[in-house]
Amino acid sequence: LSSPPMALSRPVFQLGSLKPYHLRSPYGRPSSLLALRLLSFATPEEAAAERRRRKRRLRIEPPLSSVRHSQPPPQQQQRNPRNPAPGANPNAPKLPETAAALTGKRLELHNNILALIRKNDLEEASLLVRHSIYSNCRPAVFTCNAVLSALIRQCRYADMLSLHRFITQAGVAPTVITHNLLLQVYCDCRKTDTALEHYRLLVNDAPFDPSPTTYRILVKGLVDNSKIDSAVELKDDMLAHGVCPPDPLVYDLLMSGFVKNEDPDKALELYAELKEKLGGGAICGGVVYGSLMKGYFNKGMEKEAMGIYDEVLGSELKVRFGAVSYNSVIDALSKNRKYDEAMGLFNRMMEEHNPPIRITVNIGTFNVMVDGFCAQGRFDDAIEVFGRMGEKRCAPDTLSYNNLIEQLGRNGKVVEAEALYREMGEKGITPDEYTYVLLVEACFLVDRVDDAVGYFEKMIEAGLRPNAAAYNKVIEGMVSKGRVDEAKGFFDNMVEKEVKPNITSYETLLRAFCEVARLDDAVGYFEKMIEAGLRPNAAAYNKVIEGMVSKGRVDE
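Every number in my numbering is 207 more than the matching position in the sequence shown, counting from 1.
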């Protein structure tokens, strides 16, 4: 072919007019076969890769259907900027840029910032965004979203909010993804009322509609913060406005919330409602079936729960499950002592896993299986399953290691927990503060006090800044071993490091001082607690008063 290949998005009916010029083969090959070849892929992997590219484009550039119909087309908006249409509101929110804005120097800037994110240099990435905002190469909103998302992944919420405020004041028009990231931060920080206020602003003022992800973030945040009634109202609002179709993921979050609150009847009602709205058939993706089984198990209806399992996962598979859906079912089986069924389903998932064509196993799968084995006391099997993660291209992360280290440490398997910690270093996985706190707790549990202190010092050497909760673990461990002076030393060190002690920090020391009859120290730290603006509870008062009375210091 002498001309460039035709775009795949070109309508098929145009192929006829192109045949005489583009599809004539000098070798006599039928032109119809060559035309069909332009719309096909050589392998399933190529087709899967093309689907992923389209999904990535949709994530950064929402489809036209999500833009409010009340907005005029972009061509009309830009037709004559000096003479706006009569009645146009100059303060109306701007439509965000499209992905076509990422060209030339802006695309180069975007790639440079993504490279910094991959290197985990978020400070430099944020600084580059701020510096380039007022340069002749302004970052696109997609570039800003990438940095905001990376900050959220590292739980740097204050930095995320600061950068978001900066780009908003600089006039960068947000996308629905930008709004979703802000909602995620509010929900993670347990500020659900602020999240709902921002949601109402999005609905009323933004030039586009909320996405299904918007409702998933909000519903999950409300359920996690024990505001399930507000979550149900939000679901009803989603359906009433017709912005999004009934979303099985939203229903699953609500069902799991009701199951956790020991209200399985409401969970079953939601399932019936969802099934009715979707036409009464099997629910695509199977995401709600794990919560449905938990609801039946909670009601003592084991037969019905296993009936659902046989119906959707039996020999005649009716629903094509993904990894998340499978994980929910395994969790339901494990928590209700159906270990053989859970293991059988896990083996089946491992056999069906064939990325990128089909993904039935992820990190969460192995975490659920580890929890199930540890609940049975089968720690060697838990370690074995955890080690199989690499077989299916699932790389364990810090959270996965922390989960198993916590299970082993709490059951006195400190040697095995330490082996996992060393394995993290060998595989280049960075332990976080929680990893070291778990090891500190595990060492105190088996009377290895010096090793506990050693892990706490390693945490500081690694550049991590322990918070009050981490210090409290060491202080409590020292007090439990009768080493009150060392506990006091760690408390004083916390103050020197400008880590603010909380009520638990003071109460632990007060109890220790009273138990060894060091009443002067107890009174001194009691007064420091009041000076720090902390209000002692009744237990703290009673402990100091009892100590005074026992030593005959009734007047004090």
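In this text, a Cβ means the ideal position worked out from N, Cα and C, and glycines have one as well. The model shown is predicted, which means the values in this text are computed figures rather than measured ones.
Ile320 versus Leu335, Ile374, Tyr662 and Ala530, residue with shortest Cα-Cα distance: The shortest Cα separation from Ile320 among Leu335, Ile374, Tyr662 and Ala530 belongs to Leu335.
Who are the Cβ neighbours of Leu194 in its own chain at under 7 Å, not counting the five residues just before and after it? The requested residue 194 is not part of the displayed model; the chain covers only 208 to 763.
Tell me whether Thr250 is buried or exposed, calling it buried when 16 or more other Cβ atoms sit within 10 Å of its Cβ. With fewer than 16 other Cβ atoms inside 10 Å of its own Cβ, Thr250 counts as exposed.
State the start and end residues of the unbroken alpha helix (DSSP H) segment that holds His448. Ile435 to His448
Residues in its own chain within less than 7 Å of Ser437 by CB, not counting five upstream and five downstream? Excluding residues within five positions, the ones whose Cβ falls inside 7 Å are Leu429.
What's the gap between the Cα of Tyr641 and the Cα of Ser342? Note on geometry: alpha-carbon atoms of Tyr641 and Ser342 lie some 41 Å from one another.
Nearest-angstrom beta carbon gap, Ile566 and Gly529 [assumed within contact, 8 Å]: 7 Å
Keeping to the same chain, check which residues put their C-beta closer than 7 Å to that of Val495; ignore five residues upstream and five downstream. Pro455, Tyr458, Asp459, Met462, Tyr478 and Leu481
Do three or more CB pairs link the stretch 601 to 616 to the stretch 640 to 657 at distances below 8 Å? Under the 8 Å Cβ criterion, the stretch 601 to 616 counts as touching the stretch 640 to 657, having at least three qualifying pairs.
What does the Cβ neighbour count give for Lys695, buried or exposed, with the cut at 16 atoms within 10 Å? buried
Just the C-alpha distance for Asp588 and Tyr732, rounded to the nearest angstrom, thanks. 48 Å
With a CB to CB cut of under 6 Å and the five nearest residues on each side skipped, what residues in its chain are close to Ala357? Hits under 6 Å: Ile324 and Leu329.
Using DSSP's beta-bridge definition, name the partner residues of Asn561. Arg565
Buried versus exposed, by CB contacts within 10 Å (16 or more), Glu765: Beyond the ends of the chain as shown, which are 208 and 763, falls residue 765; an answer cannot be given.
Considering only residues of the same chain and omitting the five flanking positions on each side of Asn574, which have a CB-CB separation below 7 Å? For Asn574, the CB contacts under 7 Å within the same chain, skipping 5 residues up- and downstream, are Ser607 and Asn610 in chain order.
In chain order, what are the residue ranges of uninterrupted alpha helix (DSSP H) at least 4 long that sit wholly in the stretch 591 to 628? The stretch 591 to 628 is shown to contain whole alpha helix (DSSP H) runs of 4 or more residues at 605 to 617, in chain order.
Taking the alpha-carbon positions, what's the Ser238 to Glu257 distance? At Ser238 the pLDDT is 42, less than 50, meaning the model places this residue with poor confidence and gives no usable figure here.
Run through DSSP, which three-state label would Phe415 get? strand
Kindly indicate which three-state DSSP category Leu243 falls into: helix, strand or coil? Its pLDDT being 39, under 50, Leu243 is placed unreliably by the model, and the measurement read from it follows with that caveat. DSSP places Leu243 in helix when its eight states are reduced to three.
Within its chain, find whatever has a CB closer than 7 Å to the CB of Pro303; leave out the 5 residues flanking it on each side and keep chain order. Contacts found: Val348, Ala380, Pro381 and Thr382.
How is the alpha helix (DSSP H) around Arg313 delimited, first residue to last? Residues Gly311 to Arg325.
From this set, Met685, Arg337, Asp395 and Lys467, which residue's C-alpha is nearest Tyr364's C-alpha? Asp395
Would you call the CB atoms of Lys301 and Cys344 closer than 8 Å? Contact flag unset, no.
Which one of Val568, Ala307 and Thr421 has the shortest CA to CA distance from Asn387? Thr421
Distance check for Lys704 and Pro638, CA to CA, integer angstroms please. C-alpha of Pro638 to C-alpha of Lys704: approximately 21 Å in a straight line.
Three-state secondary structure (DSSP) at Tyr341? coil
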